[in-house]
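Notes for the one structure printed next.
In this note's numbering, the protein residues as written are 14 to 94.
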């Protein structure tokens, strides 16, 4: 059995946000992952801005993506340099 739960740590105990359907007095293994913090009072643009970044890529990445992804020959007619 595998189940994903959202819990809150109060400094001493992990408190589940919803009731659990678990057998009492049975031992369980728990994997702890930190939840992503939500953007307070944010709109969709705030969320997108928080997730944006840059990727290092060659100058001709957009025009030669087939070459970089699949290894096809470069199409020099699309070269932007």
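Every residue, glycine too, gets a C-beta built ideally from N, C-alpha and C.
Using CA coordinates, which residue listed in the options is at the minimum distance from residue i?
i: residue 15; options: 43, 31, 55; result: 43
i: residue 75; options: 87, 65, 60; result: 87
i: residue 47; options: 90, 77, 21; result: 21
i: residue 73; options: 90, 37, 65, 26; result: 90
So, for residue i: in the same chain, excluding its five sequence neighbours on each side, which residues have a beta-carbon less than 8 Å away from its beta-carbon?
i: residue 9; result: No information on residue 9 is available, as it lies outside the stretch 14 to 94 that the chain covers here.
i: residue 80; result: 86, 87, 88
i: residue 71; result: 77, 81
i: residue 27; result: 20, 21, 43
Could you give the C-beta distance for residue i and residue j, rounded to a whole number, given that I count them as a contact under 8 Å?
i: residue 41; j: residue 35; result: 7 Å
>> Restricting to runs no shorter than 3 residues, where is the beta strand (DSSP E) found entirely within the segment 21-51?
In response: You should have 27-29.
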